[in-house]
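Student: Before anything else, here's the structure in question.
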Amino acid sequence: SQQGEEDPQALSIQEGENATMNCSYKTSINNLQWYRQNSGRGLVHLILIRSNEREKHSGRLRVTLDTSKKSSSLLITASRAADTASYFCATALQSYKLSFGAGTTVTVRA
Amino acid sequence: GAGVSQSPSNKVTEKGKDVELRCDPISGHTALYWYRQSLGQGLEFLIYFQGNSAPDKSGLPSDRFSAERTGGSVSTLTIQRTQQEDSAVYLCASSFGTGYAEQYFGPGTRLTVT
Numbered sequence: 008s009q010q011g012e013e014d015p016q017a018l019s020i021q022e023g024e025n026a027t028m029n030c031s032y033k034t035s036i037n038n039l040q041w042y043r044q045n046s047g048r049g050l051v052h053l054i055l056i057r058s059n060e061r062e063k064h065s066g067r068l069r070v071t072l073d074t075s076k077k078s079s080s081l082l083i084t085a086s087r088a089a090d091t092a093s094y095f096c097a098t099a100l101q102s103y104k105l106s107f108g109a110g111t112t113v114t115v116r117a
Numbered sequence: 006g007a008g009v010s011q012s013p014s015n016k017v018t019e020k021g022k023d024v025e026l027r028c029d030p031i032s033g034h035t036a037l038y039w040y041r042q043s044l045g046q047g048l049e050f051l052i053y054f055q056g057n058s059a060p061d062k063s064g065l066p067s068d069r070f071s072a073e074r075t076g077g078s079v080s081t082l083t084i085q086r087t088q089q090e091d092s093a094v095y096l097c098a099s100s101f102g103t104g105y106a107e108q109y110f111g112p113g114t115r116l117t118v119t
């Protein structure tokens with residue numbers, strides 16, 4: 008069963024705009040990871056945020072984590088055409104087994 | 006260094022045939038994972054290896070699926086007597102240890118069973 012649920016399912020934005028997507032999960036976590044997938048192939052690891060962290064940055068990415076609400080958000084600032092992809096959050100059901108949400112499909116229009 | 010590699014990238018097979026999918030993890034990564042991504046099912050965990058042993062095979066869908074890992078490196082996922090519902094993208098990942106580590110994924114093998 009899936010632990011995480013992303014919202015929205017799809018997002019279309021203009022190049023240069025910001026994109027925000029959310030992830031909700033059901034059980035306590037050790038960490039939460041965000042991945043990007045282009046064209047239905049391999050997943051690219053974007054960022055890992057631990058349960059004792061509230062915010063983390065990596066380049067144009069900002070991730071927040073609210074363990075009291077069991078939710079996380081991923082913000083992509085100043086979006087580019089190359090950011091067009093599906094984005095997934097993942098939590099570990101056990102220390103090794105990741106459970107992924109259904110993903111948010113982001114389309115960046117030129 | 007090189008990332009996780011998988012072969013073949015695409016495989017089309019007839020129903021009832023056996024297939025083997027290969028994964029080469031990142032050098033030095035002790036843990037290796039197989040996931041499957043299919044329409045309507047999302048990404049699901051299949052099996053993981055710590056070294057050459059597989060402590061958790063609970064995600065394998067049926068006894069037609071098996072996997073092995075040799076030399077603490079390359080892994081092969083074998084599907085016997087393939088069925089159309091086996092059509093999916095099979096993704097391999099590796100990590101340095103487990104313990105909630107970051108998992109690095111390969112490009113996947115797209116399997117189509119006709």
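Protein sequence lines correspond, in order, to chains A and B. Per this note's numbering, the first sequence starts with residue 8, numbered consecutively. Per this note's numbering, the second sequence starts with residue 6, numbered consecutively. Even for Gly, the Cβ is constructed at its ideal location relative to N, Cα and C. Treat the numbers as computed from the prediction; the structure is a model and nothing was measured.
Let me confirm a value: A:L72 is counted as buried when at least 16 other C-beta atoms fall within 10 Å, else exposed. Which label applies?
Tutor: buried
Student: Taking Cβ-Cβ distances shorter than 8 Å, what residues in chain B pair up with A:N38?
Tutor: Y105
Student: Determine, using beta carbons only, whether A:S19 and A:T114 come nearer to each other than 8 Å.
Tutor: yes
Student: In terms of alpha-carbon separation, which member of B:F101, B:L26, B:G33, B:K16 lies closest to B:E73?
Tutor: B:L26
Student: Does the beta carbon of A:S102 come closer than 8 Å to any beta carbon on chain B?
Tutor: yes
Student: In chain B, which residues lie less than 7 Å from A:L55 when you measure between Cβ atoms?
Tutor: For A:L55, the chain B residues whose C-beta falls within less than 7 Å of its own C-beta are E107, listed in chain order.
Student: Let me know if B:K20 comes out buried or exposed under the rule of 16 or more other beta-carbons within 10 Å of its beta-carbon.
Tutor: exposed
Student: Please look up how many angstroms separate the CB atoms of B:A36 and B:G102, rounded, as I've assumed it's under 8 Å.
Tutor: 6 Å
Student: Considering only their Cβ atoms, is the gap separating A:A92 from A:N29 smaller than 8 Å?
Tutor: no
Student: Can the beta-carbon of A:K33 be found closer than 8 Å to that of A:K77?
Tutor: yes
Student: Since B:D61 meets chain A, which of its residues come closer than 8 Å, beta carbon to beta carbon?
Tutor: Q101, Y103, K104
Student: Beta carbons nearer than 7 Å to chain A: which residues of the stretch 46–57 of chain B have them?
Tutor: G47, L48, F50, Y53
Student: Using a C-beta to C-beta distance shorter than 8 Å, which residues of chain A count as neighbours of B:A36?
Tutor: Y103
Student: Give the C-beta separation of B:S14 and B:T114 to the nearest angstrom, bearing in mind that I take them to be a contact with Cβ-Cβ under 8 Å.
Tutor: 6 Å
Student: Measure the beta-carbon distance from B:E107 to A:L55 and round it to whole angstroms, keeping in mind my assumption that it falls under 8 Å.
Tutor: 5 Å
Student: Looking at the structure shown, is A:D14 part of a helix, part of a strand, or coil, going by DSSP?
Tutor: strand
Student: Listing by chain order, which chain D residues have their CB less than 7 Å from the CB of A:L72?
Tutor: Here the protein chains are A and B, and chain D is not one of them.
Student: Taking the alpha carbon of A:G23 as the point to measure from, which residue in A:L82, A:S58, A:N37, A:S35 has its own alpha carbon closest?
Tutor: A:L82
Student: If distances are taken between C-alpha atoms only, which option among A:T84, A:L105, A:A97 comes closest to A:Q21?
Tutor: A:T84
Student: From the DSSP output, in three-state form, read off B:E90 for me.
Tutor: helix
Student: Just to check my reading of the structure: B:G8 and B:G111 have Cβ atoms closer than 8 Å, yes? What is that Cβ distance to the nearest angstrom?
Tutor: 7 Å
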